[in-house]
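> Converting from the sequence shown to the numbering used here requires adding 607 to each position, the first position being numbered 1.
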Amino acid sequence: MDKYQDKKKSPKSKLNCWEVMMCGRERGGKNADEHGVCPAAADRSWDGINSGKCGGRICWAVAGTFCGGCTQGSYVEKRPSCLDCDFYQMVQDEEGMANRQTKFLQFIVQENHSPFFDKMTYRHIKAGERFVVQGAVEDTAYIIQRGSCLVIVEKNGELHPVDHYGEGDIIGGLGILTGEPRRAHVEAETDMDLWIMTKGQFDEIADKDPDLLDFITELVADRLDSRRPTAYRTIGKYVTTDIIGRGAFSIVYKGLHTGLNMPVVIKMMRHDMTLYPDFLESFHNEAKTIASLSHDHIVKVYDFDERYKTLFIIMEYLKGDSLRDMICHLRVIPPKLSANFLIQICSALAYAHGCGIIHRDINPSNIIVQPNDRVKVLDFGLACPPGTEDFSNKGTPFYMAPEQIDGGPVDPRTDIYALGITAFEMVTGRRPFPEDNVKELFDLHLTQDIMNPGELKPDIPQQLQRFILKCARCDPDRRYQNMDQAMAALRPLMQDFRLPDDSLAAEKGKMSAIFLTYEDKNQGELTRLVEVFKEKARELGVDVAITENQDL
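See the structure below:
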């Protein structure tokens, strides 16, 4: 694996068609008002090499583009002229030179796999031929000796050009690795010369050369981790629809239980991570851990599946945003809302600790806030029993307790520390320590208590300030010793903010937040509107509290 990882290079973003051809039909371009935005330039968020539903790097695959002073037709209609275009030739040249070390053909030539070609057959493909059909189950892959092709996902009745392969690339790597159906159509842009490799041939050579298996596994993992439209994938009785999250170890899909027509979340371990036993064990552990828990504020696991040479966890689908996204959007979370969230998180962790489970990775990214301000804790991938010692420094560095950094035994106080750092970030909008250097960050966690959040935000209630400071003490003996103590410290806030004593019983008293961004000149009129709103709300028995935040 190391041999391949040394070779792997990150793709560089290159020029899009409108930047080279100067058509003026990009957003804000000189011709956009008269002719409209060109479909190839419709979504700049997908800029870059081979990117996006209407990516400007594969404009020849997009119908209705604007070139040479006129609007073009479909891909089939305009293909002959596009193949002679200077931009197309430029992309071909760049693609031929880019990331040579990650080209499959380059890999097998460099590694002197001469028997590889002796066992493969040759095939010539004519320009325009669709030689791979989405959904087909085949045991072959193609290595491009000459020419180029377009990868097209068919979804919801539409065709989406999503990728472009050239000399040296492999087509169909997922099929020979996992046996899955084809994930897209593939059509030849030019005449192509291909080498055909069967799954049997691949397995035979991979058994003798683990580097080959590592290479193709990493390649498949990268292609599956796409920000472009993806085809539906069937995982037993579930179907994936869209990628909604990604991490270093897994890809998270929105999915559907086909029998119940019920939305679910499907978490797939990246194929390259399955090569490491520790990660496999962690993924299994997460599924078993969450499945054993039943709590209103912990995400539910419905199922676990092992197929296609990887693992899948099927969980409940939650509408809402991560606490991380909420902090990014709002800068700070008002104290009353923060207290409400903290009480719910404490309740979830108290339950988990009572079941003999330490989370070990509490942070805003692992907390989901639903539309009714209900909180769910997720990602138990690092969970372990109390007393576990681990010198691998697993966790999110910004939130790791000193004993966790040192590899010492963890207990409920480890999660309490992480909760304190999370709470600090909620009410101040920043983490307590500088983050440029991980070693220095760890040293600060090990040797210094955090600053008082009230120094940054004086309007934070004293009780909430004390709660955060005590949670995040360096010395575990100076923290709350369990979640029951932490909950007791929050109870005065519950009374001050009129939160229900059973804060988990959303039906007894729901809380919603409205955040207004406005200019100073509108403050007077806005204040009058708010007073009218408060009066109407009181008639319904609704309590309205207003907190002023800093200027955005």
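The C-beta atom is built at its ideal place from N, Cα and C for all residues, glycine as well. Fair warning: this is a prediction, and the values are worked out from it, not measured in the lab.
Pop quiz: H966 and M1007 are said to be a contact at Cβ under 8 Å. What is the actual Cβ separation, rounded to whole angstroms?
Not confirmed; about 12 Å, so no contact.
> Could you say which of F809, F673, E1126 and G775 lies nearest to M727 if we only look at CA atoms?
Of the candidates F809, F673, E1126 and G775, the one whose C-alpha sits nearest the C-alpha of M727 is F809.
> Using the Cα positions of T824 and E761, report the straight-line distance between them to the nearest angstrom.
Taking the straight line joining both Cα atoms gives about 24 Å.
> Does the region 741 to 757 come within contact of the region 842 to 851, defined as at least 3 CB pairs closer than 8 Å?
These segments do not touch.
> Between the C-alpha atoms of I897 and Q951, what's the straight-line distance to the nearest angstrom?
Roughly 17 Å separates the two Cα atoms.
> Would you decide whether F694 is buried or exposed? Buried here means 16 or more other CB atoms lie within 10 Å of its CB.
Looking at its Cβ environment, which holds 16 or more other Cβ atoms inside 10 Å, F694 is buried.
> Using the Cα positions of C1160 and P1004, report the straight-line distance between them to the nearest angstrom.
Lying outside 608 to 1159, the shown extent of the chain, residue 1160 is not represented and no answer is given.
> So within the region 945 to 979, which uninterrupted beta strand (DSSP E) runs reach at least 3 residues, ignoring any that extend past its ends?
As far as the region 945 to 979 is concerned, its whole beta strand (DSSP E) runs of at least 3 residues are 974 to 976.
> Classify A1144 as buried or exposed, calling it buried when 16 or more other Cβ atoms lie within 10 Å of its own Cβ.
Per the 10 Å Cβ criterion, exposed.
> Using the DSSP secondary-structure output, state which residues sit across from W625 in a beta bridge.
Partner(s): none; W625 has no beta bridge.
> What are the start and end residues of each continuous beta strand (DSSP E) run of 3 or more residues lying completely inside the region 807 to 845, in chain order?
Fully enclosed beta strand (DSSP E) runs of 3 or longer: 840 to 842.
> Buried or exposed: which applies to N1044, given that a residue is buried once 16 or more other Cβ atoms fall within 10 Å of its Cβ?
With fewer than 16 other Cβ atoms within 10 Å, it is exposed.
> With distances taken from CA atoms, which of F1031, A838 and V827 is nearest G764?
Minimum Cα distance to G764 is reached at A838.
> Alpha carbon to alpha carbon, what distance is there between Q696 and G635?
Roughly 27 Å separates the two Cα atoms.
> Give the DSSP-derived three-state secondary structure of F987 in the structure shown.
Reduced to three states, the DSSP call for F987 is coil.
> Check for me: the beta strand (DSSP E) holding E794 runs from which residue to which?
H792 to A795 is the extent of the beta strand (DSSP E) around E794.
> Buried or exposed, going by whether 16 or more other CB atoms sit within 10 Å of the CB of F987?
So F987 ends up on the buried side.
> Out of C689, N1000 and D980, state which residue places its alpha-carbon closest to the alpha-carbon of G1048.
Position check: residue 1048 holds Leu in this sequence, whereas Gly was assumed. L1048 has its Cα closest to that of N1000, out of C689, N1000 and D980.
> For the alpha helix (DSSP H) containing G780, list its first residue and its last residue.
Segment G780 to T785, the alpha helix (DSSP H) holding G780.
> Rounded to the nearest angstrom, how far is the Cβ of C962 from that of L900, given a contact under 8 Å?
About 6 Å separates the two Cβ atoms, so the contact holds.
> On the DSSP bridge list, what partners appear for I873?
Y860 and I921.
> Ignore the nearest five residues each way along the sequence and tell me which others in S889's own chain have a CB closer than 6 Å to its CB.
If we look at S889 and ignore the five residues flanking it on each side, its Cβ neighbours are G988.
> Just checking, does the region 1057 to 1065 make contact with the region 1085 to 1094 on the three C-beta pairs under 8 Å criterion?
At 8 Å Cβ cutoff, the stretches do not touch.
> By the three-class DSSP mapping on this structure, what secondary structure does M1033 have?
The answer is helix: DSSP assigns M1033 an H, G or I state.
> Tell me the rounded alpha-carbon separation between E633 and W667.
If I take the Cα positions, the gap works out to 16 Å.
> Would you say K874 and I920 are within 7 Å of each other, going by their C-beta atoms?
Yes. Within cutoff.
> Cα separation between R789 and L882?
Straight-line Cα distance between these residues: approximately 23 Å.
> Between the C-alpha atoms of L1111 and V872, what's the straight-line distance to the nearest angstrom?
Reliability fails at L1111, whose pLDDT of 48 lies under 50, so the model's placement of it is uncertain and the value that follows must be treated cautiously. Looking at the two C-alpha atoms, the distance is approximately 24 Å.
> Please state whether the Cβ-Cβ distance between S945 and S972 is less than 7 Å.
Taking 7 Å as the Cβ cut-off, S945 and S972 do not qualify as a contacting pair.
> Please return the same chain residues whose Cβ sits closer than 8 Å to the Cβ of I1198, not counting the five positions on each side in sequence.
In this structure the chain extends from 608 to 1159, so residue 1198 is not present and cannot be described.
> Rank E1132, P1016 and I1067 by C-alpha distance to the C-alpha of E1162 and give the top, closest one.
Past the boundaries of the shown model lies residue 1162; the chain is included only from 608 to 1159, so the question cannot be answered.
> D1103 lies in the alpha helix (DSSP H); which residues open and close that run?
Taken as a continuous stretch (DSSP letters only), the alpha helix (DSSP H) holding D1103 covers M1090 to D1103.
> So V793 packs on I778, CB below 8 Å; how close in whole Å?
That pair is a contact at about 6 Å.
> Nearest to E736 by CA position, among E684, M799 and D816, is which residue?
Of the candidates E684, M799 and D816, the one whose C-alpha sits nearest the C-alpha of E736 is M799.
> Measure from the alpha carbon of L1100 to the alpha carbon of each residue in C1081, Y1125 and Q1072, then state which is nearest.
The residue with the shortest Cα to Cα distance from L1100 is Q1072.
> Rounded to whole angstroms, what is the Cα-Cα separation between T805 and G786?
Taking the straight line from one Cα to the other gives about 11 Å.
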